[in-house]
Amino acid sequence: MRKGKSLQIKAIAVISLIFITLISVVTYIEYINSKKLILSSMESSGKQTVTIHAQNLSSWVKSRLSQVEVIANTQLVSSMNYDEIMPYFQKEQKNYDGVFNSFGISDSSGKLTLQNNVVVDISSEETFPKVMQGNNIISNPFPDKQNASDLIISMECPVRDPKDNKIVGLVSGASLVSTVFKENTDFHIGQTDKVYILGKDGTVLYKQDNSDTNETNLLKSSNGNFSELVKKALSEDSFLGEYKENNETKMLFSAHVEGTDWYMFLEVPTKEYTSSLNSLLYLICIVSTLAIVFLIITLTILLRRFFNRLLKISLIADEVAGGNLTSTLPESSDELGRINITFNKMINNLKNIIIKIKDVSEVVVESSNSYKDVSSEVVEQGKNIRQSIEDLTLGARNTAEEIQEIIISVNSVENRSKELVEISNDIDTMIAETKDRTLNGSKSLDSTVKLLDKMEESVSVSSGVITELSEKSKTIANITTAISAISEQTNLLALNASIEAARAGEHGKGFAVVADEVRKLAEQSAGATQEISNEIQAIQNQISNAVISMEDSINYVSLGTSSIDDIIGIFGGIEEEIEKIKSMSFNISEIAKILLDENKKINEAVSNTSAISEESVASALCFQEMVNKQESIFLNLSEASIHLDELSATLSNEILKFRIN
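Written out as structure tokens, the structure is:
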């Protein structure tokens, strides 16, 4: 119940806070917008009002100035006949029904004569020279010289001589300030707003309460913000500004009075416009507060009904948690009603589950009892099986040991066979290498025989060439012998020629010289022939030696060839013996391989037998372990069955806590 109330209070507080915030935000926004709208309307209205009244004042003053100008331009006034002019002024004053306080005419010296014949000196006034220059002037307010308590405004126009159009004087029409300004400043856009007229220099020319006229200059105000606004306003034809005075916001409007140096000002406190808005805001706040109170009351009633239904669901849930499955919630078509329908379905499902659990619990109790009986029987049978396995394991272990000894012997024979095969393989390798080397030696000997044959042929050819060369050298020797004989004969002929030349005396000197040269040539030829004979003899001796050496070389080559043929025959015998050894080694290797294969088969058979025996032992041990595990499992199963009985009893007790019917 406490939780329900807490949630209810939270919901009411949150919704109320949201509603209050929403109303506050909307109210504030509407207040700001309304305030802006009202102030905007006030600004537009104030600016328009000041402008219109400034224009009206300008029109009024210009009209009065025009009236004075008409009077100044009349033939009567232009004559400057005061006796006729004064009655005319009096008449015009009555015609204008108090608009003009007085009329007067002045000559060029500045002596102004009024309609009541009072003379006033205006030569010192600043407007006088301007008028005498031909300008129409509207003066600022100044005290009436006839009655200092009255302020007047003078409209002055020049008077011209009709003959030469020269300015001979001026006409002045004076109006009271109250007459000039009152009609055109008598307006309000608020209850406490103020209207006043300022001059170009900031001097107050008129106030509705007639205070501070011609005495106060607003440009010298102690409120700096206000004086700045006035300064800006006096420099513009139309102005709008805002300032604060004594914590109060005011709007300042101004407009220039055309044709004058005057400015019309309107001062409006904004609170006059926003006060009604503030009253409306207070009213809205009151209404909003009442609406919020009404909302809270309504929410409290509605949420109480809603949370009471939720509380009922919570109470039923507590009963279900306590085991009462007979309670139900009212069903309806709304959201909470759908929750109630779902909750009722959940209760029915829980009820069915409890019933099924109860049935299962009974089956579990029966199964547990069966497990205990079966486990006891299996444990007893397992003990018998374990004893049988132990006996079988002992016999299998003895068989395995005997088989192991056989395997060792077979492995020894197998190792010897492997060694024999390896030796046979080594012999084959050595035989192959020896055979290869024998074949290479035979090939080398064949090559040597061929080289010796070629050498024998070459030596035979060289021997023939040398023999032929010996024959040629003999021929050359015969030729040199002939040349030597010719040289001797030539020498004799030369000697005879010398003798004959000597006999001839002077005539034979030429022949003597030729004969002497021929003799010398014959001697040289004989010497050369002798040298050639000597060289040929030496060559013939060397050729004889070469022929003997060639014959010896041929004999040696023949002996070498014969010896190599004998060696080739020996290599052939070696090859035949190697082939025989190879054949015998191959037979030994084949026998060793067959023996190795047989040993392998024996080893495999023994190994298989050993493996089978070991597998039998391992299987027996494994089976024994499985039996032990099975016995342990069934013992655990028996314990689990006992524990299951306890759990079943506990479950039954828990099920009894639920009320189904």
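Each residue of the sequence shown is one higher than the one before, starting from 33 at the first, in our numbering. Note that beta-carbon positions come from the ideal geometry of N, C-alpha and C, so glycine has one too. All values reported here derive from a predicted model rather than from experimental measurement.
Asked, Found
"List the DSSP bridge partners of Asp153.", "Lys143"
"Please name the residue in Ala265, Asp241, Gly256 whose C-alpha comes closest to that of Asp233.", "Ala265"
"Contact check, Tyr114 vs Thr145 under 8 Å by CB: the rounded distance?", "6 Å"
"Go to Thr281, then tell me how far its alpha helix (DSSP H) extends in each direction, as first and last residue.", "Per DSSP, Thr281 belongs to no alpha helix (DSSP H); it is in the beta strand (DSSP E), 280-288."
"So, do the stretch 51-58 and the stretch 179-197 have three or more beta carbon pairs nearer to each other than 8 Å?", "no"
"Report buried or exposed for Leu292, applying the criterion of at least 16 other Cβ atoms within 10 angstroms of its Cβ.", "The question names Leu, yet the displayed sequence has Thr at residue 292. The residue is buried, with at least 16 neighbouring Cβ atoms inside 10 Å."
"From Ser156 to Ser66, what does the alpha carbon distance come to, in whole angstroms?", "57 Å"
"Using DSSP's beta-bridge definition, name the partner residues of Leu202.", "Ser138, Pro190"
"Below 8 Å CB to CB, which residues in the same chain sit around Arg34 once its five sequence neighbours on both sides are set aside?", "For Arg34, the predicted model reports a pLDDT of 48, less than 50, meaning its position is unreliable; a value from the coordinates is still stated below. Within the same chain, Arg34 has no close Cβ partners at all."
"Have a look at Ser364 and Glu678 and give me their C-alpha separation to the nearest angstrom.", "45 Å"
"Distance check for Asn249 and Glu188, CA to CA, integer angstroms please.", "26 Å"
"In terms of residue numbering, what span does the beta strand (DSSP E) encompassing Ile221 cover?", "Ile221 -> no beta strand (DSSP E), and no H or E assigned at all."
"Under a Cβ-count criterion, where at least 16 other Cβ atoms within 10 Å of its own Cβ denotes burial, should Ile117 be classed as buried or exposed?", "buried"
"Could you tell me which residues DSSP puts in a beta bridge with Leu230?", "Val236, Tyr295"
"Could you name the residues of the same chain whose beta carbon sits closer than 7 Å to that of Val89, not counting the 5 residues immediately before and after it, in chain order?", "A quick correction: the sequence has Leu, not Val, at residue 89. Here the set comprises Asn216, Val289, Met296."
"I'd like to confirm the pairing. Which residues does DSSP put opposite Glu274 in its beta bridges?", "Met283"
"Could you give the first and the last residue of the continuous alpha helix (DSSP H) run that contains Met164?", "159-164"
"Sort out for me which residues DSSP pairs Ile184 with in a bridge.", "Phe174, Leu208"
"Pull up the distance between the alpha-carbon of Phe375 and that of Val319, whole angstroms please.", "44 Å"
"Nearest to Ala529 by alpha carbon, out of Arg551, Ile674, Glu304, Thr513?", "Arg551"
"Going by C-alpha distance, which of Glu274, Ser254, Phe174 is nearest Leu261?", "Glu274"
"Excluding the 5 residues flanking Val151 on each side, which residues of the same chain have their C-beta closer than 6 Å to its C-beta?", "Lys143, Thr145"
"By the 10 Å Cβ neighbour count, where 16 or more other Cβ atoms means buried, how is Ala536 classified, buried or exposed?", "exposed"
"Would you list the residues sitting across from Ile169 in a DSSP beta bridge?", "Glu188"
"Is the stretch 216-228 in contact with the stretch 79-93, if contact means three or more CB pairs nearer than 8 Å?", "yes"
"Report the CB separation of Val203 from Ile154 in whole angstroms; it is logged as a contact under 8 Å.", "In fact, because the Cβ distance is near 12 Å, the residues do not count as touching under 8 Å."
"Nearest by alpha-carbon distance to Glu69: which of Asp629, Thr306, Arg341 is it?", "In the sequence as displayed, the identity of residue 69 is Leu instead of Glu. Checking every option, the nearest Cα to that of Leu69 belongs to Thr306."
"Where does Val131 fall in DSSP's three states?", "coil"
"Would you call Asn372 buried or exposed, if buried means 16 or more other Cβ atoms sit within 10 Å of its Cβ?", "buried"
"Per DSSP, which one or two residues make a beta bridge with Pro301?", "Lys282"
"Is the CB of Ser270 under 7 Å away from at least one CB in chain D?", "Of the protein chains in the structure, only one exists, and it is not chain D."
"Would you check if the stretch 124-140 and the stretch 165-175 touch, i.e. whether three or more CB-CB distances between them fall below 8 Å?", "no"
"To the nearest angstrom, report how far apart Phe132 and Glu280 are at their CA atoms.", "41 Å"
"Helix, strand or coil, according to DSSP, for Asn340 in the structure here?", "helix"
"Mapping DSSP to helix, strand and coil, what is Asn249?", "strand"
"Measure how close the beta-carbons of Lys263 and Leu251 come, nearest whole angstrom, since I'm counting them as under 8 Å.", "6 Å"
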